[in-house]
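**Student:** Can you read through this structure? Questions will come right after.
There are 2 protein chains.
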Amino acid sequence: MTIEIQPVAFVKNSRETPEDDDWGRVASIIELAEHIPTESLTGIGEFSHLEILYYFHLVPDEKAVARSRHPRNNMDWPVVGTFAQRNKSRPNRLGITTVKLKQYEGRTLTVIGLDAIDGTPVIDIKPVMNEFLPMGQVEQPKWSKELMANYWKKE
Amino acid sequence: MTIEIQPVAFVKNSRETPEDDDWGRVASIIELAEHIPTESLTGIGEFSHLEILYYFHLVPDEKAVARSRHPRNNMDWPVVGTFAQRNKSRPNRLGITTVKLKQYEGRTLTVIGLDAIDGTPVIDIKPVMNEFLPMGQVEQPKWSKELMANYWKKE
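Top to bottom, those sequences are chains A and B.
Take the first sequence: its letters are residues 895 to 1049, numbered as in my numbering.
Take the second sequence: its letters are residues 895 to 1049, numbered as in my numbering.
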């Protein structure tokens, strides 16, 4: 079974190469693709946060696989599977990030905290609703806290 | 630009038709697709919550479009665009839901709170990390709170 999808928008920002850390200060513009009508954003400005679903378009085929490994090849961290990590080397090359909506105007959104590089295809945009946030306490392993320590740092 | 993706797993549960509300008590089993190695789930049991990215496979072509409308055709709510809603009638037919991981064993995950019907293709699984939750207060319009009132109700 193969599913075909098309970009609905594209990212514009100052990051031209993938980097591991320091995404906190990056502002991005998300601009609708030509075939998407302007009205599809109507009312989005009433939400403070959005989920951006995007495609890691630079990941080569040989890395877009499910497996297990030390995150970032750091031997201090355990071997964990692709689906216990959020990194870009994964089947289907899909990324999801919650961002803060700073500005909405016409066919463009300006957002803070999108960890995608310039030119990234966006394949969906969803509003964050409190009712869809995790129910109950979120628990996670120690390695993941260490990995995230500098991720959102403002360089 | 067309992106091709393949299911990495499938949903098994007791809901055979799409319904608007009462998803709170539904337990689902997510079973890896045949071509996905078992090791891709290693370590996932240390996370309490997962993000499940799935494909609304029953949505017909004519509904998989970006537009604007009254949510659930309720005239009491404003006309809003596809990207200011989370419903299934959208380009690319992609759904994202945060679930609670109840059990992990071999090639299967048992989760609570997945709003997808039996047979739904899963296209990615990501662990929820506190560092990826929304930063700051989440604000949303009144209509979206009213719409969500019974969504997670336990029938």
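All residues carry an ideal CB built from backbone N, CA and C; glycine is no exception.
In this text the structure is predicted, and so the values were computed from the model without any measurement.
One question on the structure: do THR911 of chain B and PHE1026 of chain A come within less than 8 Å of each other, judged by their Cβ atoms?
**Tutor:** The answer is no: Cβ separation not under 8 Å.
**Student:** Under 7 Å Cβ-Cβ, which residues of chain A neighbour MET969 of chain B?
**Tutor:** Correct list: empty, because the minimum Cβ distance to chain A is about 15 Å.
**Student:** Does DSSP put ILE897 of chain B in a helix, in a strand, or in coil?
**Tutor:** If DSSP states are grouped into helix, strand and coil, ILE897 of chain B belongs with the strands.
**Student:** Would you kindly check if the distance between the Cβ of ALA958 of chain B and the Cβ of SER983 of chain B is under 8 Å?
**Tutor:** Cβ atoms of SER983 of chain B and ALA958 of chain B: closer than 8 Å.
**Student:** Please state the DSSP three-state secondary structure of GLU913 of chain A.
**Tutor:** Of the three classes helix, strand and coil, the one that applies to GLU913 of chain A here is coil, per DSSP.
**Student:** Taking 8 Å as the cut-off, does the region 1036–1044 of chain B touch the region 1002–1017 of chain A (at least 3 CB pairs, one atom from each stretch)?
**Tutor:** The region 1002–1017 of chain A, when compared against the region 1036–1044 of chain B, does not touch it at the 8 Å Cβ threshold.
**Student:** From ALA903 of chain A to GLN1031 of chain A, what distance separates their C-alpha atoms?
**Tutor:** When rounded, the distance between both Cα atoms is 34 Å.
**Student:** According to DSSP, simplified to helix, strand and coil, what is ALA960 of chain A?
**Tutor:** ALA960 of chain A: coil per DSSP, three-state reduction.
**Student:** So which of B:ARG987, B:GLN979 and B:LYS906 has the shortest CA-CA distance to HIS964 of chain B?
**Tutor:** Ranking the options by Cα distance to HIS964 of chain B, first place goes to B:GLN979.
**Student:** Looking only at its own chain, which residues have a Cβ that is under 7 Å from the Cβ of VAL953 of chain B, when we skip the five neighbours before and after it?
**Tutor:** Hits under 7 Å: LYS982, SER983 and ARG987.
**Student:** So, does the CB of PHE941 of chain B fall closer than 8 Å to a CB anywhere in chain A?
**Tutor:** At least one chain A Cβ lies under 8 Å of PHE941 of chain B.
**Student:** Are the region 969–978 of chain B and the region 1001–1008 of chain B touching, with three or more C-beta to C-beta distances below 8 Å?
**Tutor:** At 8 Å Cβ cutoff, the stretches do not touch.
**Student:** Consider the Cβ of VAL953 of chain B: report whether some Cβ of chain A lies at a distance smaller than 8 Å.
**Tutor:** By this cut-off, VAL953 of chain B is not an interface position.
**Student:** 8 Å is my cut-off, CB to CB: does ILE990 of chain A come that close to chain B?
**Tutor:** Yes, contact with chain B.
**Student:** Below 8 Å between beta carbons is the criterion; list the residues of the region 1019–1034 of chain A that meet it against any residue of chain B, in chain order.
**Tutor:** Taking 8 Å as the Cβ-Cβ cut-off against chain B, the residues of the region 1019–1034 of chain A that qualify are ILE1019, LYS1020, PRO1021, VAL1022, MET1023, ASN1024, GLU1025, PHE1026, LEU1027, PRO1028, MET1029, GLY1030, GLN1031, VAL1032, GLU1033 and GLN1034.
**Student:** With 8 Å as the threshold, decide whether the Cβ of THR1052 of chain A is near any Cβ in chain B.
**Tutor:** Residue 1052 of chain A is absent from the model: chain A starts at 895 and stops at 1049.
**Student:** Any Cβ of chain A within less than 8 Å of the Cβ of THR1014 of chain B?
**Tutor:** Judged by the 8 Å Cβ criterion, THR1014 of chain B is not in contact with chain A.
**Student:** Please name the residue, chosen from A:GLU913, A:THR936 and A:PHE950, that lies closest to GLY1013 of chain A on a Cα-to-Cα basis.
**Tutor:** Closest option to GLY1013 of chain A, Cα to Cα, is A:PHE950.
**Student:** Taking Cβ positions only, does GLN997 of chain B come closer than 8 Å to chain A?
**Tutor:** Chain A contact via Cβ: absent.
**Student:** Apply the 10 Å Cβ neighbour rule to HIS943 of chain A and answer buried if 16 or more other Cβ atoms are within range, or exposed otherwise.
**Tutor:** The residue is buried, with at least 16 neighbouring Cβ atoms inside 10 Å.
**Student:** Would you decide whether MET895 of chain B is buried or exposed? Buried here means 16 or more other CB atoms lie within 10 Å of its CB.
**Tutor:** The residue in question, MET895 of chain B, is exposed, as its Cβ has fewer than 16 Cβ neighbours within 10 Å.
**Student:** With a CB to CB cut of under 7 Å and the five nearest residues on each side skipped, what residues in its chain are close to PRO1021 of chain B?
**Tutor:** If we look at PRO1021 of chain B and ignore the five residues flanking it on each side, its Cβ neighbours are ILE938, PHE941 and LEU944.
**Student:** Give the straight-line distance between the Cα atoms of LEU947 of chain A and THR976 of chain B, rounded to the nearest whole angstrom.
**Tutor:** LEU947 of chain A and THR976 of chain B: Cα-Cα distance of roughly 14 Å.
**Student:** At what residues does the beta strand (DSSP E) containing LYS994 of chain A begin and finish?
**Tutor:** 988–999 is the span of the beta strand (DSSP E), which, as asked, contains LYS994 of chain A.
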